[in-house]
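Protein chains in written order, with the UniProt record's numbering: chain W, 1 to 570; chain C, 1 to 570.
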């Protein structure tokens with residue numbers, strides 16, 4: 001069995017639960033069939049296992065270096081990305097008019113999870129490039145698409161998103177990078193950007209930076225931000241543009257992906273769309289990146305879980321607590337309840353997280369006002385929940401391995417380090433919490449949350465009462481808590497415990513998706529389906545109750561964190 | 001303010017809460033006074049900050065290497081250990097008859113925390129040596145004390161504990177290392193040992209290994225284990241004994257401490273005490289090591305918290321949620337509720353953990369049947385609770401730092417990696433859970449747990465009802481849950497959710513110790529005492545409620561983890 005990801009589970013979620021085949025009834029996907037979906041899944045697994053997984057550790061040990069001239073990365077990375085580009089996967093989801101195959105998002109997501117699970121650092125170059133291309137496909141001109149997107153699809157160019165600056169991380173309203181209009185309609189960019197993943201390297205002929213900057217005289221705050229295309233090299237001459245690599249950051253994990261400090265020094269740039277709408281455009285890429293980050297967290301947790309499970313079945317140690325006969329042979333550690341606790345919890349996190357990211361992806365395939373709204377509400381949860389809980393699966397994977405898991409001779413410690421980033425980049429967990437409680441559940445009079453809760457209740461009503469009941473109650477409580485929090489309309493009290501709200505909503509959503517899986521497994525026999533029933537029961541009975549104290553805190557209206565004096569912290 | 005540890009907090013806990021000065025009324029400590037205690041605390045801080053902290057990162061970046069001949073470690077480590085030995089700290093707690101100063105355990109513990117917080121990897125050599133020496137002082141002969149312990153006190157020798165083998169980690173009953181009696185009363189040791197911290201290096205003239213092995217013909221299981229002294233070099237000739245370094249393990253963190261695979265090949269050995277009592281003796285060192293591990297977890301969490309707090313007060317980013325005027329200047333991030341949540345939670349974990357380890361240490365200073373029993377019950381909590389929750393403080397420290405925290409340019413990511421080991425070595429968290437619920441709370445008819453709950457109730461009764469009440473209720477619930485779990489006497493059902501029990505008991509104990517601190521701060525003014533009141537309130541109102549669902553699970557008698565089929569895991 002693959003230790004990268006589970007094709008069996010993907011098939012279950014795609015076909016037995018989400019009915020991905022029915023998408024082929026839609027005009028956009030009419031050329032597709034289960035066979036074409038499976039072909040993409042097959043090739044993704046094959047390339048991920050053959051070209052991505054084997055250098056995962058090498059990329060961690062030999063991280064990119066910068067000698068003042070250029071960035072050196074182990075050659076396996078560019079080879080893997082070339083194979084990826086040649087497979088046709090980068091264009092698979094795009095419109096036929098751009099040479100794409102109009103593969104559904106949900107299948108693309110499933111395919112890309114293989115790469116993220118096999119080698120999160122190498123896959124990040126592809127993910128950023130795809131996000132960049134998708135933004136330009138939506139908001140760029142035909143000319144920009146031809147010049148920038150087509151070479152990205154062909155694997156000749158890569159892309160980045162340049163938002164943060166040393167003084168502007170979570171707070172993009174403080175971006176100071178300046179754009180100066182030129183007589184010919186182009187712009188020059190000056191300023192410093194920070195935390196640019198894939199910001200410099202020699203993996204591609206060119207790097208297309210999408211840069212948030214402020215045109216002189218633009219208003220303060222996010223409304224003054226515009227978005228620019230800044231290529232590393234002039235497309236015609238091949239000469240370097242004014243984009244200087246000021247240094248690489250050295251991370252705890254995710255080491256194979258360069259993370260750069262970039263100085264823009266009179267860099268030639270083209271405007272995307274209209275001035276002043278930069279952040280709105282960027283959120284196109286950002287929302288996709290947030291789902292990508294959540295997916296990456298799922299992928300790393302999933303591979304950690306599979307490694308832990310395989311180890312627990314092989315490793316002999318100890319005897320059952322009842323019957324400690326020292327002469328009895330030791331048992332595989334998977335027989336010890338505490339090891340099972342860690343494995344079953346991990347299974348419930350990673351398979352629940354996988355269901356979440358695929359559900360979100362399918363919403364994109366069936367656009368409607370309802371589905372768009374639902375995706376808006378779910379996005380902060382898709383980003384933050386796996387970043388926290390699928391990371392815990394990697395933590396458990398270390399613990400299951402014991403001392404071995406803490407060594408670099410085993411892969412799980414890298415998964416744990418790599419996964420730690422996902423709670424930080426593309427908006428920290430705390431930012432997601434403010435987004436969920438401060439914007440998403442209040443927008444359109446709470447219609448998005450209402451829709452989500454309706455879907456949760458509909459599922460819970462169909463499930464056996466012993467598992468459906470707790471989920472129904474939790475949905476009702478979340479509705480009441482939300483109303484109570486916003487009753488005063490005062491953000492400073494409503495948002496003070498926003499993280500508890502995100503945590504509670506996240507666990508409720510995953511409990512719902514476990515009921516969905518339970519129903520999809522109904523009446524089916526065999527270990528796989530028994531596993532789904534087991535994990536659904538576990539999640540509802542062992543995990544969902546965690547949210548009780550969170551909702552109690554929110555309901556209490558406690559504002560300790562607002563009212564305290566920070567001088568008391570020590 | 002020091003970012004290593006807080007002397008103000010140590011003073012509060014030692015003098016205002018635990019009344020450490022009153023120990024000087026005891027004959028053993030009659031030569032001491034607040035002044036001598038303070039002098040040891042001062043020198044510890046000074047050496048820790050001057051000789052240990054500065055090479056913490058260097059020891060991580062340049063981990064020990066083995067060239068087949070000898071182990072190379074950065075020279076700062078041996079210099080620091082030499083200063084430590086020359087300070088007199090290693091002998092400070094020992095009996096006057098062995099050249100010691102009979103410093104109370106609680107003061108020694110406070111002193112040693114400075115070294116663990118400044119540089120956990122370098123301090124580990126000293127900790128292991130101390131544990132080794134203490135075991136021999138208790139169970140060795142006068143001759144063994146003179147030959148082995150005195151050079152350890154002088155800093156010339158270091159010590160290890162050799163328990164684990166590749167096939168015997170958590171399960172010591174499977175130890176197969178063999179001891180063969182010689183005609184002269186000595187033994188020869190043959191076998192392989194694994195995970196030996198400080199197992200080989202050139203930091204000392206000699207390394208004294210304490211080795212668990214089985215004399216031929218001894219019974220199977222732990223009753224057949226004996227304990228042996230195996231020096232790396234013959235004390236008289238200086239020649240190498242049959243102890244071969246087979247390799248070093250490469251860890252995720254804690255890298256500065258060598259971790260060795262050792263092959264014993266006819267190594268000359270002396271028996272400690274009597275044959276067949278090896279594990280009982282080793283538990284002398286093991287219990288001390290478990291408290292040392294808990295202390296190390298506290299120390300790493302504490303320094304992480306102090307770094308995060310300092311950063312949060314400096315770093316400007318964003319504006320309060322009510323009043324997002326983009327022209328307003330950004331505020332220090334310590335003003336954002338979610339950052340305060342992470343800081344206040346961390347404060348409650350690390351100061352609560354510090355109270356726990358000092359409380360445990362003081363029990364050793366006032367030996368009595370009651371105190372010994374209480375220490376027995378508390379030991380698994382002292383080991384496991386900080387390993388989990390003070391590590392979370394390091395996790396929060398990364399998150400507070402944002403992207404910066406994830407880079408190796410800042411120190412917090414190392415604390416996080418280093419602290420991950422503490423849930424594994426000297427008995428995993430899962431082993432501690434079985435120890436607590438399976439042995440400690442049932443021994444002597446539950447007298448130990450009864451004593452602990454009595455103390456908790458006595459404190460809670462004195463605290464303001466709004467905080468004392470929840471702690472009283474939790475103590476009553478834990479008592480009832482414990483009785484219910486063991487009502488059937490069947491370990492396979494009683495122990496199935498042992499980890500939930502350990503987690504619940506741990507949070508209750510910390511809540512109790514926060515009430516203790518609240519009472520010790522009563523009537524005192526100023527930010528420091530306000531901080532104690534704030535954290536006590538936070539822990540009881542935001543943290544203690546977590547245990548509700550844990551106790552619910554335990555009360556439900558759920559045996560899912562025992563009854564499930566592991567084939568269902570996937």
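We put the CB at the ideal spot given by N, CA and C, even for glycine.
Near the ligand MG: residue i beta-carbon under 7 Å from a heavy atom
{"i": "residue 404 of chain W", "result": "Looking for the ligand MG in the displayed structure turns up nothing, as the structure carries no ligands at all."}
Option nearest residue i by Cα separation, candidates the options
{"i": "residue 88 of chain W", "options": "W:76, W:126, W:73", "result": "W:126"}
{"i": "residue 351 of chain C", "options": "C:318, C:283, C:301", "result": "C:301"}
{"i": "residue 526 of chain W", "options": "C:484, C:318, C:566", "result": "C:566"}
{"i": "residue 207 of chain C", "options": "C:253, C:269, C:217, C:186", "result": "C:269"}
{"i": "residue 246 of chain C", "options": "C:67, C:445, C:128", "result": "C:67"}
{"i": "residue 550 of chain C", "options": "C:540, C:481, C:487", "result": "C:481"}
{"i": "residue 145 of chain C", "options": "C:391, C:422, C:321, C:272", "result": "C:272"}
Unbroken beta strand (DSSP E) run spanning residue i, endpoints
{"i": "residue 160 of chain C", "result": "157 to 162"}
{"i": "residue 178 of chain C", "result": "178 to 181"}
{"i": "residue 228 of chain W", "result": "225 to 231"}
{"i": "residue 89 of chain C", "result": "Run containing residue 89 of chain C: none; DSSP gives neither H nor E here."}
{"i": "residue 567 of chain W", "result": "No beta strand (DSSP E) holds residue 567 of chain W; DSSP gives it neither H nor E."}
{"i": "residue 487 of chain C", "result": "That residue, residue 487 of chain C, is in no beta strand (DSSP E); it is neither H nor E in DSSP."}
{"i": "residue 43 of chain W", "result": "Per DSSP, residue 43 of chain W belongs to no beta strand (DSSP E); it is in the alpha helix (DSSP H), 34 to 47."}
{"i": "residue 534 of chain C", "result": "Careful: residue 534 of chain C lies outside any beta strand (DSSP E), inside the alpha helix (DSSP H) at 527 to 538."}
Residue-chain proximity (residue i, chain C), Cβ-Cβ < 8 Å
{"i": "residue 571 of chain W", "result": "The structure shown does not extend to residue 571 of chain W, since chain W is modelled only from 1 through 570, so no value can be given for it."}
{"i": "residue 576 of chain W", "result": "In the structure displayed, chain W extends from 1 to 570; residue 576 of chain W sits before or after that span and is not available."}
{"i": "residue 534 of chain W", "result": "yes"}
{"i": "residue 567 of chain W", "result": "yes"}
{"i": "residue 327 of chain W", "result": "yes"}
{"i": "residue 484 of chain W", "result": "no"}
{"i": "residue 570 of chain W", "result": "yes"}
Min CB distance residue i to chain W below 8 Å
{"i": "residue 169 of chain C", "result": "yes"}
{"i": "residue 433 of chain C", "result": "yes"}
{"i": "residue 496 of chain C", "result": "yes"}
{"i": "residue 408 of chain C", "result": "yes"}
{"i": "residue 296 of chain C", "result": "no"}
{"i": "residue 335 of chain C", "result": "yes"}
{"i": "residue 76 of chain C", "result": "no"}
{"i": "residue 386 of chain C", "result": "no"}
{"i": "residue 282 of chain C", "result": "no"}
{"i": "residue 542 of chain C", "result": "yes"}
{"i": "residue 317 of chain C", "result": "yes"}
Beta-bridge pairing of residue i - partner residues as DSSP gives them
{"i": "residue 192 of chain C", "result": "C:263"}
{"i": "residue 187 of chain W", "result": "W:181, W:269"}
{"i": "residue 332 of chain C", "result": "C:316"}
{"i": "residue 168 of chain C", "result": "C:165"}
{"i": "residue 65 of chain W", "result": "W:72"}
{"i": "residue 208 of chain W", "result": "W:159, W:231"}
{"i": "residue 197 of chain W", "result": "W:259"}
Terminal residues of the alpha helix (DSSP H) in which residue i lies
{"i": "residue 119 of chain C", "result": "No alpha helix (DSSP H) holds residue 119 of chain C; DSSP gives it neither H nor E."}
Beta-carbon proximity list for residue i, same chain, < 7 Å, skipping 5 on both sides
{"i": "residue 95 of chain C", "result": "102"}
{"i": "residue 8 of chain C", "result": "528"}
{"i": "residue 507 of chain C", "result": "543, 544, 546, 547"}
Other residues of its chain near residue i: CB distance less than 6 Å, five sequence neighbours each side excluded
{"i": "residue 348 of chain C", "result": "535, 538, 539"}
{"i": "residue 83 of chain W", "result": "47, 51"}
Nonlocal neighbours in the same chain, by C-beta distance under 8 Å from residue i, ignoring five residues either side
{"i": "residue 357 of chain W", "result": "109, 113, 291, 294, 295, 298, 382, 386"}
{"i": "residue 117 of chain W", "result": "4, 5, 48, 299, 300, 302, 303"}
{"i": "residue 2 of chain W", "result": "45, 49, 306"}
{"i": "residue 407 of chain W", "result": "413"}
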